[in-house]
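This report refers to the structure that appears directly beneath it.
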Amino acid sequence: MPTSEQTADTSVEEVPVRAARTSFVRANAVTIGLLLTALILAGIIWFAVPHQHKISSLWLFLFELTPFLAAAGAIAWLDVDWARRLRLHLVVIPAAFLAMFCFFVPRIFYYAGRDGDQLYYHMLTLVPLIILSLCLSYRLGGGTRTGTLRLGGALLLLQLSGLEDLAYILVNPHTDPKWQHVPDVWTWAYHMSVFIGHAPTKYQAYAFITVHVVLALLVLFLPGRAVAPLLRRNR
């Protein structure tokens with residue numbers, strides 16, 4: 660039968676454990692909520708939305724961005740002290756790498772030359788995962804909340820800018836005459852046409868790219884005092 664002293668010692672030990680657990684949940688409440696939201700939204704989009712290259716509506720396009728936005732917020736609000744204490748960098752970064760290396764890479768190899776829509780869809784899903792992994796590495800390394808949000812927003816703008824479409828034309832040794840020069844109309848650029856209402860001309864595409872690149876630079880380098888009121892607790 661335990662003595663009163665042993666009982667007191669046990670109760671003293673249990674209190675910090677309960678307090679620590681509560682502290683973890685409380686410190687990461689925003690992160691947990693946003694992460695669950697991101698997973699639910701990603702599941703809806705992956706399993707309920709057709710995997711296709713063409714974008715049918717602007718609202719669907721914006722809805723497909725919501726898992727990324729929620730996940731970026733979850734990373735930005737991650738409590739770095741708790742992450743270090745739990746050594747999360749040894750778990751979540753390898754897990755992100757394995758998700759890319761053991762799922763997306765084999766799927767991309769599988770669909771290459773077989774199913775263009777599936778190949779395109781998997782690539783469009785892989786790139787945001789890469790962005791989030793970079794943001795997570797920055798945050799776990801001690802990066803600020805504002806810096807995390809800046810990186811996520813700027814890299815997403817660069818992904819949506821159309822730079823990759825232009826690079827596809829310029830950096831590859833095309834033998835098809837259609838791709839040896841920049842086409843006058845970009846009929847394949849659905850992420851642009853869904854905003855402007857029609858397939859963009861070459862110069863409209865250039866303007867679209869320029870606007871997104873300028874916005875990305877503003878997100879990255881706009882003075883901190885301009886965004887400080889939005890994020891008063893920058894840890």
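Residue numbers (our numbering): 660 to 894.
All C-beta atoms, glycine included, are put in the ideal place defined by N, C-alpha and C.
- A Cβ-Cβ separation of about 7 Å places Lys861 in contact with Trp845 under the 8 Å criterion.
- For Glu823, the uninterrupted alpha helix (DSSP H) run begins and ends at Leu822 to Val830, by DSSP.
- Within the region 780–827, the runs of alpha helix (DSSP H) at least 4 residues long that lie entirely inside it are, in chain order, 804–819.
- For the pair Ala755 and Leu791, the CB atoms are nearer than the 9 Å cut-off.
- Taken atom to atom, the span from the alpha-carbon of Arg809 to that of Thr834 is near 39 Å.
- The alpha-carbon separation between Cys794 and Asp738 amounts to approximately 14 Å.
- Burial is judged here by how many other beta carbons sit within 10 angstroms of a residue's own beta carbon; Ser820 has at least 16 and is buried.
- According to the DSSP secondary-structure assignment, Thr860 is paired through a beta bridge with Val844.
- When Cβ pairs closer than 8 Å are counted between the two stretches, the region 691–705 is seen to touch the region 723–739, the count reaching three or more.
- Contact annotation, Leu817 with His871: C-beta distance approximately 7 Å; criterion of less than 8 Å satisfied.
- Measuring C-alpha to C-alpha distances from Met759 to each of Ala742, Gly772 and His781 identifies His781 as the nearest.
- Around the beta carbon of Ser852, a 10 Å sphere encloses 16 or more other beta carbons of the protein chains shown; the residue is thus reported as buried.
- The alpha carbon of Ala875 has as its nearest neighbour, out of Asp740, Phe763, Tyr770 and Gly811, the alpha carbon of Gly811.
- In chain order, Ile714, Phe720, Leu819 and Gly821 place their CB closer than 8 Å to the CB of His850, counting only its own chain and leaving out the 5 sequence neighbours on each side.
- Taking C-beta atoms under 8 Å as the contact rule, Leu778 and Ile789 fail to qualify, at a distance of about 16 Å.
- With fewer than 16 other Cβ atoms inside 10 Å of its own Cβ, Asp843 counts as exposed.
- In this model, Pro836 and Phe763 are separated by some 31 Å (Cα to Cα).
- Looking at Ala866, Leu785 and Gly806, the one whose alpha-carbon comes closest to that of Pro882 is Gly806.
- Here the C-alpha atom of Gly800 lies approximately 12 Å from the C-alpha atom of Ala735.
- The residue from Asp776, Trp741 and Tyr769 with its alpha-carbon nearest to that of Val684 is Trp741.
- Rounded to the nearest angstrom, the gap between the Cα atoms of Pro753 and Ile704 is 25 Å.
- Straight-line spacing of the CA atoms in His857 and Arg798 works out to 39 Å.
- The shortest C-alpha to C-alpha distance from Ala701 to any of Thr803, Thr869, Phe722 and Leu829 is the one to Phe722.
- DSSP places His850 inside the alpha helix (DSSP H), whose first and last residues are Tyr849 to Ile855.
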